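Residue numbering for the sequence shown follows numbering that gives the first Met the number 0, beginning at 0 and increasing consecutively. No residue lacks a Cβ here, since even glycine has one placed at the ideal position from N, Cα and C. Computed from a predicted structure; not experimentally measured. Here is the structure we will look at, set down as structure tokens.
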Amino acid sequence: MPRSTGPINKAPDKDATQIMITSFKSVEKGPGPTVGSKAAEEMRDKVDRAFPPKQVYVVPVERIDPQLIASQFPTTEALEPHDAKALATMLRSDEYIAGEISKTATGFRASADLVLTRDIAARQPLGMAEAPKMGDALNVLVK
């Protein structure tokens, strides 16, 4: 089981940067997991494994989804920037990752930005990557 989907009461270190990752934008819509929601799940796991818990705390999906459901937002679709900021603020997240993913003829194309919750104009591009597997494309963004 990935660490990011661990128990809800996993407390962050007081000095850790808290990062929220919700569904990536994707063309695919509909009920059930989409490419965007699968990418977010995989990205949460990759970020959680890439950084020590004392540096980075990835907000678990078990804290994100109940807030989305209570606000009547789908859990499998990307949020608009103002909604992502509101959710990140509610979850006390310092930053959040806003990403986009699409299927290509040869695999997947992914891009993402690291956004400062208190000022959504302050974003750091994490890059763009194409790879045959979704995980390989996301690995480039995490580095």
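Whole angstroms are fine: how far does the CA of T16 sit from the CA of A38? When rounded, the distance between both Cα atoms is 21 Å.
Three Cβ pairs or more, each shorter than 8 Å: is that satisfied between the stretch 40 to 58 and the stretch 78 to 85? Verdict: no, contact absent.
Does DSSP put L78 in a helix, in a strand, or in coil? Here L78 sits in coil by DSSP.
Let me know if M89 comes out buried or exposed under the rule of 16 or more other beta-carbons within 10 Å of its beta-carbon. Label assigned to M89: exposed.
Considering only DSSP beta bridges, list what F72 is partnered with. According to DSSP, residue pairing for F72 in a beta bridge does not occur.
Apart from the five residues on each side of it in sequence, which residues of its chain come closer than 6 Å, Cβ to Cβ, to L67? So the list reads T74, once near-sequence residues are dropped.
Alpha-carbon spacing of I96 relative to H81, whole angstroms: The straight-line gap from Cα to Cα measures roughly 13 Å.
Going by alpha carbons, who is nearest to R62 out of D118, A10 and K142? Of the listed residues, the one whose Cα sits closest to R62 is A10.
Let me check understanding here. Comparing Cα to Cα, which of F107, L125, A104 and T105 lies closest to V114? The candidate whose alpha carbon is nearest that of V114 is L125.
Assign P124 to one of three DSSP states: helix, strand, or coil. Note: P124 maps to strand in three-state DSSP.
If you follow the beta strand (DSSP E) that R108 is in, where does it begin and where does it stop? Looking at the DSSP string, the run of the beta strand (DSSP E) that includes R108 is G106 to L115.
For R2, does the three-state DSSP call read helix, strand or coil? Residue placement at R2 is poorly supported in this model, since its pLDDT is 45, which falls under 50; the coordinates are not used for a value here.
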